[in-house]
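Comments concern the structure below.
There are 2 protein chains.
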Amino acid sequence: MKLEQIETPAALIDVARMQKNIARMQAKMNTLGVAFRPHVKTTKCLDVVRAQIAAGARGITVSTLKEAEAFFAAGIGDILYAVSMVPAKLPRALALRRQGCDLKLVVDNPTAAAAIAAFGDQHGESFEVSIEVDTDGHRSGIQPEQQTLLDVGRILHENGVKVGGVMTHAGSSYELNTPEALAALAEQERAGCVRAAERLREAGIACPAVSVGSTPTALAARYLEGATEVRAGVYVLFDLVMHNVGVCMLDDIALSVLTTVIGHQEDKGWAILDAGWMALSRDRSTSRQSHDFGYGQPCLLNGTLLPGYVISGANQEHGILAAARGDPQADAQIEDITQHFPIGMKLRILPNHACATGAQFPEYHAVAPDGSSVEWQRFYGW
Amino acid sequence: MKLEQIETPAALIDVARMQKNIARMQAKMNTLGVAFRPHVKTTKCLDVVRAQIAAGARGITVSTLKEAEAFFAAGIGDILYAVSMVPAKLPRALALRRQGCDLKLVVDNPTAAAAIAAFGDQHGESFEVSIEVDTDGHRSGIQPEQQTLLDVGRILHENGVKVGGVMTHAGSSYELNTPEALAALAEQERAGCVRAAERLREAGIACPAVSVGSTPTALAARYLEGATEVRAGVYVLFDLVMHNVGVCMLDDIALSVLTTVIGHQEDKGWAILDAGWMALSRDRSTSRQSHDFGYGQPCLLNGTLLPGYVISGANQEHGILAAARGDPQADAQIEDITQHFPIGMKLRILPNHACATGAQFPEYHAVAPDGSSVEWQRFYGW
């Protein structure tokens, strides 16, 4: 199908950009000498994940058991479920392992560790579990120097659970925007995770995997000594948040929302689009960054940026395209809004956050350089 | 299935509250002497819509052609597609009408009006179109006194398209929070839409339907003389935004997200939940209102509010439950966070915006007063 024929709103993936992003990350990981385990929560799309694996990824990271089930059913067996496990979810994890899936779990507390050990013992299953380490204080995990780290390690180790390793995610990297700060956080992430592994080893607990990563720290890391693998997700498509963090250019962003002009408010200088927040998502993460992109950056259908314009507002199925504040070129064109953006005109919008925007769609339209496209299914739910 | 058995995260509908909300709105419309046409974009769920129709609703309002197709396939024929039409979507609208669906379209500009007339002429189909009126400046529509109103009316009327009426949506009602301001906006919405109808009639164009509404203005309206029907959507479930607007109590909110405690950061007083923004949505609309509820209001599994706590942050699959700032009772309990919210504990979170949160889930769990539940499917996409 040609771009002009796709019904709007629709989620487009520029396949050439995606392949460039995949190649860039994989080359970086190869240079650093670590394995790469992409986080597939960004796309939940088998076509994308197959491209990541074809480029050299070893195994995948998932954020839900539904992702684990879907990708295992498609033949991908090496899966890290990177959200701290709770007892009620163990039956689904067990079912996957019984089917032959090399599903690895994560915990960051003694209660869950003991529950996994007891459940495994009860069902004759030897789970493999990584311990989540907190290297930047932004969310979950045990700090490298905490006693709890060894407590959890011993509960697992002494009760028949294989300690697969340690893992961390320096998600506070999204709040930074200089190469120096990102490199420093990448080193903090690496050093903290390696230190946790060393403490476990000193306590007599094998700790083979040392898994770190976020898109910004992965791309900023200068060396990863002691780490065995890196995880990252959003790099595959990139987005405006990553642009503001400084790890991609606007023309690296592979995801856009195709939309149609459906109306105008001439006196306000608005064009009304059929992409509201249901298509763009409610993600406004760039509002806290150096450049606030509203609900997204408009482009022409051919991808040419419209730097003087912004998606200034969104209702469920209506988006408002307006002049970016203070842009003299765009201001001068306000009176011509109906001429510049006539009814039926198609535009593309670069999203703030590719993970959130993609999740609003049942499928991507994967667009080739010649403008032809095919549908790539994605899924949602838990 | 019992509440305790539902896997998390999950979207729960309290059926008794939903039925109360439906009955309240329908009773109000009956008193005002207008037909009620619920906007089904909030739930996209046939079970909910059947309950609205059983209570007296006449026809439905949809925000996408996919909703129109799905509900028509389920036997609902009287459908208003309340987003301004563009030429590229006419073939899908035609297909629905050819199957017998009484699909009504909306336009607010001469270009689209002419395109509908030409397309209808070409295909021998007499479309019915309502003209969208702008009564509060928040989005789409033609102001009642604008010449464009008559231009659009004439283009339709003189080219074989039935003018079904006028319709408006005073969406700026979401920004208000007093009964007086809401009643004044409801009157502005009514008066503006009735005025637009009168102008069309004076120009010799029949204008049978005068359709107004938003949840706040529908509930605040004191009289609706001249209006023939009201549309509203979120009232069926309500949410924290509507609570802040002042049109529902917290215990009217029928939607909640079921979640499990998966970890802690004791020194920060955090409990980590398995409901992140993928479950709660990125909607932070209460941040601009009198009471900022973060990513939602936590409750115990039985629905008891936890007023000292808030969902203070969210990543894709992680939510952070923390003490609401300045709450002395909750502050005193920070050290006991692991005791108050142990690993595996289930909680419910009232959402900021029911339309956005529901859209994150493939199904609702409809919970009866005895705690038993059934699954109600919902759909997404366009």
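So the sequence lines, in the order shown, correspond to chains A and B.
Its first residue numbered 1, the first sequence is counted upward by one per residue in the UniProt record's numbering.
Its first residue numbered 1, the second sequence is counted upward by one per residue in the UniProt record's numbering.
For glycine and all other residues, C-beta sits at the position ideal for the given N, C-alpha and C.
Note that the structure is a prediction, hence the values are computed from the model and not measured.
Exposure of residue i, with buried meaning 16 or more beta-carbon neighbours within 10 Å
| i | result |
| --- | --- |
| A/N352 | buried |
| B/D121 | exposed |
| A/V48 | buried |
| B/D252 | buried |
| B/L300 | exposed |
| B/M1 | exposed |
| B/G269 | buried |
| A/R97 | buried |
| B/P91 | exposed |
| A/M249 | exposed |
| A/D283 | buried |
| A/T64 | buried |
| B/H138 | buried |
| B/D267 | exposed |
| A/S214 | buried |
| B/H291 | exposed |
| A/A95 | exposed |
| B/P216 | buried |
| A/V367 | buried |
| B/A342 | The amino acid occupying residue 342 of chain B in the given sequence is Pro; Ala does not appear at that position. It counts as exposed. |
| A/R58 | exposed |
Contact with chain A by residue i, beta-carbon distance below 8 Å
| i | result |
| --- | --- |
| B/I337 | no |
| B/H243 | no |
| B/R348 | no |
Proximal residues of chain A, C-beta to C-beta of residue i below 9 Å
| i | result |
| --- | --- |
| B/F361 | Y380, G381 and W382 |
| B/I272 | S84, D108, R139 and S140 |
| B/M167 | Chain A residues near B/M167: none, gap ~14 Å exceeds 9 Å. |
Cutoff 8 Å: residue i Cβ touching any chain B Cβ
| i | result |
| --- | --- |
| A/V40 | no |
| A/G171 | yes |
| A/P9 | yes |
| A/T111 | yes |
| A/G263 | yes |
| A/W277 | yes |
| A/C355 | yes |
| residue 384 of chain A | Because chain A here runs from 1 to 382, residue 384 of chain A falls outside it and cannot be looked at. |
Integer-rounded CB distance, given that residue j should sit under 8 Å from residue i
| i | j | result |
| --- | --- | --- |
| B/M18 | B/A232 | The Cβ separation is near 14 Å, so there is no contact. |
| A/R222 | A/A254 | No, A/R222 and A/A254 are not in contact; Cβ-Cβ is about 26 Å, not under 8 Å. |
| B/L258 | B/F293 | Wrong, their Cβ atoms sit about 17 Å apart, outside the cutoff. |
| A/I60 | A/F71 | 6 Å |
| B/V261 | B/A271 | 5 Å |
| A/L350 | A/Q297 | 4 Å |
| B/S312 | B/Q360 | Contact doesn't hold; Cβ gap of about 19 Å is too wide. |
| B/A354 | B/L273 | With 8 Å as the limit, B/A354 and B/L273 do not qualify as a contact, their Cβ atoms being about 19 Å apart. |
| B/G153 | B/A203 | 6 Å |
| B/T135 | B/T178 | Actually they are not in contact, since the Cβ atoms of B/T135 and B/T178 sit about 19 Å apart, beyond 8 Å. |
Where residue i meets chain B, residues with beta-carbon distance less than 7 Å
| i | result |
| --- | --- |
| A/N302 | Near A/N302 there are no residues of chain B at all, since even the closest Cβ is about 18 Å away, more than 7 Å. |
| A/S312 | What A/S312 touches in chain B: nothing, since even the nearest Cβ is about 12 Å away. |
| A/T260 | V86 and A88 |
| A/A63 | Residue identity check: residue 63 of chain A is Ser in the sequence provided, not Ala. Ordered by position in chain B, the residues that pass the 7 Å Cβ test against A/S63 are Q316 and E317. |
Neighbouring residues, chain A, relative to residue i (Cβ below 7 Å)
| i | result |
| --- | --- |
| B/R325 | Ordered by position in chain A, no residue passes the 7 Å Cβ test against B/R325, which lies about 18 Å from the chain. |
| B/G344 | V86, P87 and A88 |
| B/S256 | Near B/S256 there are no residues of chain A at all, since even the closest Cβ is about 16 Å away, more than 7 Å. |
| B/D283 | R282 |
C-beta neighbour in chain E for residue i, strict 8 Å
| i | result |
| --- | --- |
| A/E317 | As a matter of chain content, chain E is missing from the structure shown, whose protein chains are A and B. |
The region 118–140 of chain B: positions lying closer than 7 Å to chain A by Cβ: Listed by position along the chain: R139 and S140.
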